[in-house]
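Position in the sequence shown counted from 1, then plus 420, gives you the numbering used here.
A virtual CB, placed ideally from N, CA and C, is assigned to each residue, including glycine.
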Amino acid sequence: MTDEARGKPVGGLPGRAREVAILRAVLAGESDTWCVAVTGEPGIGKSRLLTELGKLADTAGWTVRSGRAAEFESRIPFGVFVNALDDQLAELGPERLAALGQQQLALLATMFPALPASGPTDLVDAERYRLHRAVRALLELLAEPSGLVLVFDDLHWADEGSVELLDHLLRHPPQARLVLALASRPRQTSLRLWHALSRAATDGVAELLELAPLSQADAGRLMPERLGRSRREELYQASGGNPFYLEALVRAGERGIPVGDAALHPDGAIPVAVRAVLAAELAALTPQERVVAHAAAVVGDDFEADSLAETAAMDPGSVLAVLDRLAERDLVRLDGATGRFRYRHPLVRSIAYQDAGPGWRLQAHGRAASALRSRGAPPAEFARHVERSAVRGDLDAVAALTEAAEATMHTTPMTAGHFLRAAIRLLPDSETATPQRLILLGRLAQALGATGDLRQARETMYEVLRLLPAELTQIRAQTARACATVEQILGHYTEARAMLHSEWKRVEGVDARSAAVLLVALVAGESVEREHGQDRVAEAIAAAREVGDPMLLATALSAATLIDRQADRLDEAAALLDALPDSDLVCDIDAAFWLSWSEISADRLTAASRHVSRGLRLARESRQSHKIALLTAIRGMVHAYLGELAAATTCFDDSLESAELTGSEELRVMALTFGCWITTWRGDLAEAIRLGKEAIVADDQATAMSSWRSGQAEAMLAQAMLHSGDPHACIDLLLTHGGGAELPAVGVRTRPLVYLMLTEAEVAAGRIAAATAWADRAEVAAGRLDLPLRTAMAQQARAIATLPTDPAAAAPLAVAAAGTFGRIGVAVEAGRAHLLAATAFGGSGAIDQARAHLMSARALFTRCDARLFLPQVAREERRLNARGPRPESGVERFDLTAREVEMANLASDGLTNRDIGLRLNLSPKTVEVHLGRVYTKVGVSGRTALAGVWAAAARD
């Protein structure tokens, strides 16, 4: 627990009855509150209140663990968590830890020294939410069985990794009996932590307690009874009601030190009188005692004799003797649990640190760094001393700081960025240092991008371009391409084009390969803008073909397809990438991204799944973090289209976490938009509407505008509104944000979907003529694209508009849509079309066909976990049962031949046409013909739907 007596109060916690009552209520679980944040000025009593919480929790049987951030150790990754939990982890047996699983243990070992390293992990900065989730699982484990109270003090000094992790935990609370108690000074607390706490307080899961100065009566309980009234009055006025200041002034009076005005300063600084009192305590020490006190302030928040001796340049025996004397003076205190010393209060340590001479401090930090390094301390621990002791031109210090940056890059990139900046500052000004400066600047740009500081990342890359010699054309081209990507994410398309064009013109006719790289980057950039130009498409493809780079050519072909929708190019692009070994493709994973993105747009979902999965695997294996987040989002889209909704949900959860960590507006809008879509299909309409509204707000605030986003967020929210029973809100949203009936503000690929939703909404509102008009527009919009998914959407729209007046005419339209959806693998939409066909057949009296399609719909919705539609299937089944006799049980209802039954059994077991042919001594073509008849009789569009229907029929 945090030291109980940073100035032990007389008579408990005077003036804090309300706060203690709140702590008791939180421990008792009287509300949803599981986090308490205590704020206040230095010395106001935050630590004492946390100590009281620990006592209450311990008495009630909770496990209590505490950690503290420190003023001079704010660059140690996850410092407060390690401080609080590492000792406990060292005591846990392997059997209990095994419950976390090997993957999570490997991640946790990168954070906690007490856990044995199990080899390298594939953790990268863009996916550090995986480490956060592992910590959440660890807390759930540690909370069993008695509950866990986690106390973090002085969080105004917390490292960025700890703040980021706390933000995650507040957004995703552990499912355990857990109380989180925090303390910080308000003016020094990071904005990120403030935002996280404010959000948690708004959500009703956090209580914010701001400690005010004590009243004169309460302060009086902290003063010795022997003091007279006038002296008490003088001390109270001088302290401003601050308990720590009051204690210091009482000490001063006992030692004959004059007392001045110590009232709280508006800026939260230590009052001059209190500073003088604390400095006087140090001044009273012998020279040897002051050296040890100064060394203790340098070493860290807590310390032991050996490291202190090396830092002070004294022998350990003498240091131990001095520590005894410092403890007698109550400057330092021994923590009985750890056997280490610490100052009685961070303010005392701060005064001691400043009391040491700057030259002595510089040398002491150097000795501390050497001591830590010789003992195998993590790079970040000795690097903080290196940066305080090194001088410009010290290349050993540059190497140490670079090592620390690399060690923290994937877990706490902001800390890595700090170390990289320090290393860059120490480089000599000579030209010989330019290559190393370029390398460090490149790594700094990556660290900045990972933390979401894209503007600084852009500036850093421009600095690299400025330093790169003109003759290094290929390195300049790759740097310019990376810089353009950041510009585009920021919405600076004009700037990105101008920079790429300038670099392209610089090398055109000089270096064909570099020129091709830049030209293809120009075309790729244009493919994501709302207004495309086709001027450079042919030239980019020709340039890539001329230099003979298959990855560059695949990128050019894919990006060109996004611009002019000539999907036949994707055959060549796919062949190029499929022929490449992983060792080549890993050098330019962008090619896999552009190909899979184009394949999604061209409704080639199976191919897109294969290519994005390969790209994602290679990005993880090679730790190319900047590629992983977007590839994960693309993979989620493919899962969603294919009806793999559980996997899609995981991808979009991961994408949203990455967006929170990196600050990527593009990724955040994408994750929220498609999260709304998937959540709708899975039946949680309230959550879907929340996500959709958040996506629109994020989209409106975003500076970037890309073609896929045009209208997507509105479409997904409108869809959720429609299925929530509000067709009018759906129509209003689509037309308002779409810019009217022509939908000029909606991307051309999204228009058929919007027209389909408008058709469905108008039917739900009882306006059949309006629905028919929207179906007309859906057909026109789909006809311009000539893409199967959009064609099926138009067929579905026409069937929906026709159903109310002519069910018999609607049925074949719905069947056609189901077939098209099924062929390209869009499973949920295929299920919806089957449900529509069942309704149409039922309405026209074709009960058997209706039941067949209804079975297909149920099978697809069940397999996809599309829970939204299962009640609709059940309602339609009840209608059909009311209209005609119940169907025969079993597979007999389908009137299949013996051979067809045999075929259906084998296909449902997952055998391919070739496998079935080998089993039955038939050619694959013959098998295909037989299965085609089976699909027709059963009323399904393919073997996936057949498997579901066949399994259900077999159970009858």
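Tell me where the beta strand (DSSP E) around residue i begins and ends.
i       : result
Cys1007 : No beta strand (DSSP E) contains Cys1007, which DSSP labels as neither H nor E.
Val484  : Thr483 to Arg488
Ala1286 : Taken as a continuous stretch (DSSP letters only), Ala1286 belongs to no beta strand (DSSP E), as it is neither H nor E.
Leu629  : Ala626 to Glu630
Nearest to residue i by CA position, among the options, is which residue?
i       : options                               : result
Asp750  : Gly779, Val569, Leu702 and Trp780     : Leu702
Ala960  : Gly1362, Val940 and Trp1370           : Val940
Trp1017 : Ser1042, Asp1004, Leu977 and Arg1037  : Leu977
Arg695  : Leu972, Ile771, Ala962 and Gly1359    : Ile771
Ile1220 : Glu667, Arg1169 and Arg1252           : Arg1252
Asp775  : Val458, Ser604, Val625 and Arg710     : Arg710
Pro514  : Asp506, Leu525, Leu505 and Ala504     : Leu525
Trp1014 : Glu630, Leu972 and Val768             : Leu972
Gly449  : Ala480, Arg468 and Leu469             : Ala480
Leu888  : Thr905, Thr854 and Ala867             : Thr854
Ala1027 : Pro593, Gly1245 and Leu821            : Gly1245
Pro1172 : Thr1192, Ala1191 and Ala1202          : Ala1202
Pro1227 : Thr1259, Ala1250 and Ile909           : Thr1259
Arg769  : Asp755, Ala729, Ala1367 and Leu698    : Leu698
Arg1363 : Pro1291, Phe1314 and Ser1276          : Ser1276
Trp1194 : Leu1205, Arg1218, Asp1206 and Arg1210 : Arg1218
Val1293 : Arg1303, Glu1086 and Arg1271          : Arg1271
Leu585  : Gln657, Leu996 and Leu551             : Leu551
Gly1368 : Pro1344, Ala1279 and Arg1334          : Ala1279
Under 8 Å by Cβ, that's how I've got residue i and residue j pegged, so tell me the actual separation to the nearest angstrom.
i       : j       : result
His1148 : Ala1185 : 6 Å
Glu907  : Ala916  : 4 Å
Thr893  : Ser934  : 4 Å
Glu801  : Ile496  : 6 Å
Arg762  : Asp726  : Rounded, the Cβ-Cβ distance is 16 Å, inconsistent with contact.
Leu1255 : Met1213 : Between Met1213 and Leu1255 the Cβ distance is about 15 Å, and since that is not below 8 Å, they are no contact.
Leu1137 : Ile1109 : 7 Å
Ala867  : Leu846  : Incorrect: roughly 17 Å between the Cβ atoms, too far for contact.
With a 10 Å radius around its C-beta and 16 neighbouring C-beta atoms as the bar for buried, classify residue i as buried or exposed.
i       : result
Lys466  : buried
Tyr923  : Sequence inspection shows Glu at residue 923; the Tyr mentioned does not correspond to that position. That one is buried.
Gly648  : exposed
Glu806  : First, the residue type needs correcting, since residue 806 is Val and not Glu in the sequence shown. Under this definition Val806 is a buried residue.
Thr1093 : buried
Cys1007 : exposed
Pro536  : exposed
Thr731  : buried
Gly991  : In the sequence on display, residue 991 carries Asp and not Gly. Exposed, since its Cβ has fewer than 16 Cβ neighbours within 10 Å.
Met1323 : buried
Ala1115 : buried
Pro663  : buried
Val430  : Confidence in Val430 is poor, its pLDDT being 38 and thus under 50, which makes the residue's placement unreliable; the coordinate value appears in the next sentence. Answer is exposed; the Cβ neighbour count stays below 16.
Thr1378 : Because residue 1378 is not part of the residues shown, which for the chain are 421 to 1376, the question remains open.
Leu938  : buried
Arg1034 : buried
His615  : exposed
Leu469  : buried
How would you write the range of the alpha helix (DSSP H) that residue i sits in, first residue to last?
i       : result
Phe1072 : Leu1065 to Thr1082
Ala699  : Val692 to Ala703
Ala457  : Element bounds for Ala457: not the alpha helix (DSSP H) but the beta strand (DSSP E), Cys455 to Thr459.
Asn503  : Gly499 to Glu511
Leu888  : It is not in any alpha helix (DSSP H) - Leu888 carries neither H nor E in the DSSP assignment.
Ala1236 : Pro1227 to Ile1244
Thr1317 : First-last for Thr1317: undefined, no H or E at that position.
Gln708  : Pro707 to Val719
Ala529  : Gln522 to Ala529
Met1136 : Gln1132 to His1143
Ala1260 : Ala1247 to Gly1263
Sorry if obvious, but does the Cβ on residue i come closer than 7 Å to a heavy atom of the ligand NAP?
i      : result
Leu972 : The ligand NAP is not part of the structure shown, which contains no ligands of any sort.
- Return the chain-ordered ranges of every alpha helix (DSSP H) run that is complete within the segment 756 to 815 and spans a minimum of 4 residues. 766 to 775, 778 to 794 and 799 to 809
- Which whole runs of the beta strand (DSSP E) in the segment 553 to 619 are 3 residues long or more, in chain order? Complete beta strand (DSSP E) runs here, min 3: 568 to 573 and 598 to 604.
- Task: Could you pull out every unbroken alpha helix (DSSP H) segment of at least 4 residues lying fully inside the segment 817 to 879, listed in chain order?
- Result: 833 to 846 and 854 to 870
- Task: Kindly provide the ranges of any alpha helix (DSSP H) runs that are 4 or more residues long and lie completely inside the segment 1150 to 1218, ordered along the chain.
- Result: 1171 to 1184 and 1188 to 1205
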